[in-house]
Amino acid sequence: MNIQRALARGILPLLAAFGLVSVAAPAAAWEPTKPVEFIIPAGTGGGADQMARLIQGIVAKHNLMKQALIPVNKSGGAGAEGFLEVKAAKGDPHKIIITLSNLFTTPMATGVPFNWKDLTPVAMLSLDNFVLWVNAEDPYKSAKEFLDAVKKAGPNTFKMGGTGAKQEDQILTVAIEKAAGVKFTYIPFKGGGAVATQLVGKHINATVNNPIEAVAQWRAGKLRALCVFDDERMPYKTKVTDTQSWYDVPTCKEAGISTEYVMLRGIFMPAGVAPEVVNFYVELFNKVRATPEWKKFMEEGAFNQTYLTGKPYADWVSKAEVLHRDLMKEAGFLAKP
Amino acid sequence: MEEINALFHGFSVALTPFNLLLMFIGVTLGVLIGVLPGLGGANGIAILLPLTFTMPPTSAVIMLSCIYWGALFGGAITSILFNIPGEPWSVATTFDGYPMAQQGKAGEALTTAFTSSFIGAFFAIVMITFLAPLVAKFALQFGPPEFFAVFFLTFCSFIGMGKEPPFKILVAMMLGFALAAVGIDTVTGQLRLIFGWHELMRGFDFLIAVIGLFGIGEILLSMEEGLSFSGRTAKINTRIVIETWKKLPKYWMTSLRSCVIGCWMGITPGGATPASFMSYGIAKRMSPDGAKFGTGQAEGVIAPETAAHAAGTAALLPMLSLGIPGSPTAAVLLGGLLIWGLQPGPLLFVEQKDFVWGLIASMYLGNIAGLIIVLTCVPLFAAILRVPFSIIAPVIVVICAIGAYTVHNAMLDIWLMLLFGVMGYAFKKLSYPLAPLVLALVLGDQAEGAFRQAMLMSQGDMRIFFSNWLVGSIMGLGLLMLVWPVLGKLVAQLRKSAA
Amino acid sequence: MRSAEVVVALFMLGLGALVIFDSVRLGWGWGTEGPEAGYFPFYIGAMICIGSLVTLFQVLLGEQIKGLAVKWIVRAKPARLHHDRRKDHEVFVEWSALRLVLQVLLPAAVYVLGIQLIGIYVASAAYIAVFMVWLGKYGWTRGLIVGVGVSAVTFAMFEIWFQVPLFKGEFNPLSLIGY
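Residue numbers (the working numbering), protein chains in the order written: chain A, 33 to 369; chain B, 20 to 518; chain C, 20 to 198.
Structure below.
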């Protein structure tokens, strides 16, 4: 047992790192020997936090792992705190991290030294959509009507609320501005829930909240969904409000804004871990995805359920990095060297 | 009357033997969590949340809200006995609670604190029961300018109270603001004041500073006076609760005012911390004994405790009805709701009647259960002060270190705690005040954030702070508080010249 | 008292200067969209500097000038600023008292270093025991019982019950028992 553990912890990853051995599903698969720390590089109550705590709940309820999974919020420095910790924990098989777009945006905007290549990709759990929301009492019935009004009112008249500065919401706002030839005043808030409430209270004119952040207000008839920033409609056809399902929300492309943006909700772990360790977690998330709780959560939050692991996942991430760099560069958000 | 029926239905849902058992377990666990600084109600609930997934949602939320009650009650214990606030909103409780304990009135201070918490929370629950829909609408009125106005009012009601040299007050307060600014700037996303040291990125957490300044600083101070705590002579008898209760009714005005402040701040959601500071500041202004605040006045314990707990309770309302958490604990509970398949938001009250009214009923019951448990333990808590100093002092240092570590799981924070401890000692000796420093550290970045959001909205026009009746009247109230001491003097002079 | 005042005021002055320095880097103007990132920190830093300078001034110069200067600057009643005369002559801390304070402070620093190296649990047990024996004049047996007892209770509570892993040090001695 001890020798095995030593192998898993030290020697094998070392050899694997030099490409000397390929560990092809050993007879006794690796399993965590102590509680696994699940780092959330965001505050409590946000989208990543909700998902991580749901996973913790599912793992505990269905007994998917012998050791406990313990979520820890490390939100300092727009998530950099969490990422730096995982970067520093090279070879630690008892640490995983859930990511959002700040995996790319934080190092680019602040110059904090880390990159996703410092981590081992485990699995993409889903992609989170972005929807353009307005207050239901406003007269705009479509994205086109809304953007025409924004254009007519002149630059900086309409206020767009979002989470954080130089992160996904602001990047998307800049992308909309470029595509539609308008200019918003972007106002950063601390969390998605607060942004949705500010829109209900009419302190701002529009938001690009994720579905899960605004669904409650949408169902209550306080907000209106204008369009979704994805290349196809959200597939969920069950009625969410009295009249609409997520599928009824048109894509922004249909509405004439050719802007697409989805956010990664994926799992990474420290570099230098053995492939069998990664396999264990991939298996774990396969099991999580099969549970009814997960399926329900996916539907409620209208997630894009793309699931990737291994090389396809890494390829997706590196493409997304290039995309973010371009968007941030255009918006002038890159940290000055 | 509809509410009353619904509430009684709620009681019938909550009052099963199984749920009652959960309540008592929850409160006891909560007190334990509240006593350990750093391991606040939010952490406690986050840690124990998974345990509840196997129960029906109503039982689960009853247990969790009882943990929350317990933690609220527990936070006051360390503040009063050792000057270590376990939670941000317990800081104001130390101002008069700890001097009371030093004078041997620990039992009285604890009873006052617990009773006040109960009253504050109870007031808030009654409000939630009857005014929920109305109140939820009020919360929507609050945008960035209104939030800034609330912070402004908090600072104004607290400023100019100290007896320390004015320039030292200034330096202490500004130091608090400077520490609060360390880390990432919310509005521009730039890193501020970290000088390339990435460990500082998470900023100076308030709890680390407070554990050091108050907890460690206090141990160093008591060391100087020889190996003892001054509260040792506390008389401990079981009738202390009744005796204290006899004295409390005369402070009804302070209680009522604090309840209102607390509910208002909980709903908006400004939160329990500004509520406690604001309530303490206003009580000091209004009370005839105002000048004696800080020397161990019962009123100085009543005001912050009542307001903090009214706010903490009222914060659950926006969470349930709007889906915005008014406190970190409410945020974690919100996550719990989602896992149980309940969608918080305006429709929760319509679609999940059993759950909502079961929860409200459990608030009544949990609060009462909590009060009974903590009050019976008052003599026990007070007896802790009788443990010899050379045993309790290192244990407190250990608890402080653990508390500092658990806030962010960072070793650096333990070093910072020690540094803050030395600073707290030096500040106390040289009469730099700690309260403005702490207030600025807790609310500084939120106030700045709200101000700059408002400036973005108005494109730099300051008139936004007087643009509607709500923000205008809060700002006006703040300005009134600012000139209050001057006004008081003027009135006194006029009276003198008239006489 | 005086030298301690001067040291703290100089320290604060340094901090204030540091804050101003970084604010200028961030931009301390009032942009088209309200204050920039360094706007508030700049004035905060400036006020720390001013406050410390005045304090320094008050400590170093005599009572009279202090009263006058303050009257002139803030138009406050000088009486409020008068220190207790006795206090000014008193040493910051009596030497014997300082010795007592250092008796707590130095072990505490060693304790934190201990946490860094061998983790919270082992360091805490040792710290409590040593503190009791040295300062409380208890016997080693009692010290060790209390120290190990407190550590064991904490361990049970955090590692086993709440499952909050605490810091176990760079050289984790508890790895011998599987933690």
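Every residue, glycine too, gets a C-beta built ideally from N, C-alpha and C.
Closest Cβ-Cβ distance between residue i and chain C: below 9 angstroms?
i	result
residue 237 of chain B	no
residue 433 of chain B	yes
residue 410 of chain B	yes
residue 67 of chain B	yes
residue 425 of chain B	yes
residue 102 of chain B	no
residue 165 of chain B	no
residue 449 of chain B	yes
Quick one: using the 10 Å Cβ neighbour count with 16 as the cut-off for buried, is residue i buried or exposed?
i	result
residue 77 of chain C	buried
residue 95 of chain A	exposed
residue 190 of chain C	exposed
residue 271 of chain B	exposed
residue 258 of chain B	exposed
residue 488 of chain B	exposed
residue 318 of chain A	exposed
residue 209 of chain A	buried
residue 180 of chain C	exposed
Who are the Cβ neighbours of residue i in its own chain at under 6 angstroms, not counting the five residues just before and after it?
i	result
residue 57 of chain A	At residue 57 of chain A the pLDDT is 43, less than 50, meaning the model places this residue with poor confidence; the figure from the coordinates comes in the next sentence. Correct list: empty, nothing qualifies.
residue 94 of chain B	53, 105, 106 and 109
residue 306 of chain B	318
residue 46 of chain A	The predicted model places residue 46 of chain A with a pLDDT of 43, which falls under 50 and marks its position as unreliable; any figure quoted below should be read in that light. Cβ neighbours of residue 46 of chain A beyond the five flanking positions: none.
residue 167 of chain B	469, 470 and 473
residue 450 of chain B	183
To which residues of the same chain is residue i closer than 8 angstroms at the C-beta, ignoring the five residues directly before and after it?
i	result
residue 514 of chain B	none
residue 195 of chain A	78, 201, 220, 221, 222, 223, 224 and 227
residue 447 of chain B	236, 240 and 453
residue 45 of chain C	55, 56, 57 and 60
residue 424 of chain B	57, 430, 432 and 433
Specify the secondary structure class of residue i as computed by DSSP and reduced to three states.
i	result
residue 162 of chain B	coil
residue 160 of chain A	strand
residue 69 of chain A	strand
residue 47 of chain C	coil
residue 361 of chain B	coil
residue 321 of chain B	helix
residue 165 of chain A	strand
residue 416 of chain B	helix
residue 259 of chain A	strand
residue 117 of chain B	helix
residue 109 of chain B	helix
residue 362 of chain A	helix
residue 298 of chain A	strand
Any beta carbon from chain B within less than 9 angstroms of residue i's own beta carbon?
i	result
residue 49 of chain C	yes
residue 220 of chain A	yes
residue 127 of chain C	yes
residue 167 of chain C	no
residue 235 of chain A	yes
residue 310 of chain A	no
residue 104 of chain A	yes
residue 215 of chain A	no
Take residue i and list the residues in its own chain whose beta-carbon comes closer than 7 angstroms to its own, dropping the five residues that flank it on each side.
i	result
residue 38 of chain B	78 and 81
residue 71 of chain C	28, 31, 32 and 35
residue 26 of chain B	148, 376, 379 and 380
residue 30 of chain B	380
Under 9 angstroms between C-beta atoms, does residue i make it to chain A?
i	result
residue 152 of chain B	no
residue 158 of chain B	yes
residue 63 of chain B	no
Taking only heavy atoms of the ligand FMN into account, decide whether any of them is closer than 8 angstroms to the Cβ of residue i.
i	result
residue 431 of chain B	Looking for the ligand FMN in the displayed structure turns up nothing, as the structure carries no ligands at all.
query: For the stretch 183-213 of chain B, which residues have a beta carbon sitting closer than 7 angstroms to at least one beta carbon of chain A?
result: 202, 203, 205, 206, 207, 208 and 210
**Request:** Return the residues of the stretch 132-155 of chain A that lie within a Cβ-Cβ distance of less than 7 angstroms from chain B, sorted by chain order.
**Result:** 141, 142 and 144
The stretch 486-500 of chain B: which residues have C-beta closer than 8 angstroms to a C-beta of chain A, in chain order?
none
Residues within the stretch 112-124 of chain A neighbouring chain B, beta-carbon criterion of under 8 angstroms: 112, 113 and 116
Q | chain C contacts from the stretch 261-294 of chain B (Cβ-Cβ distance under 9 angstroms) | A | none
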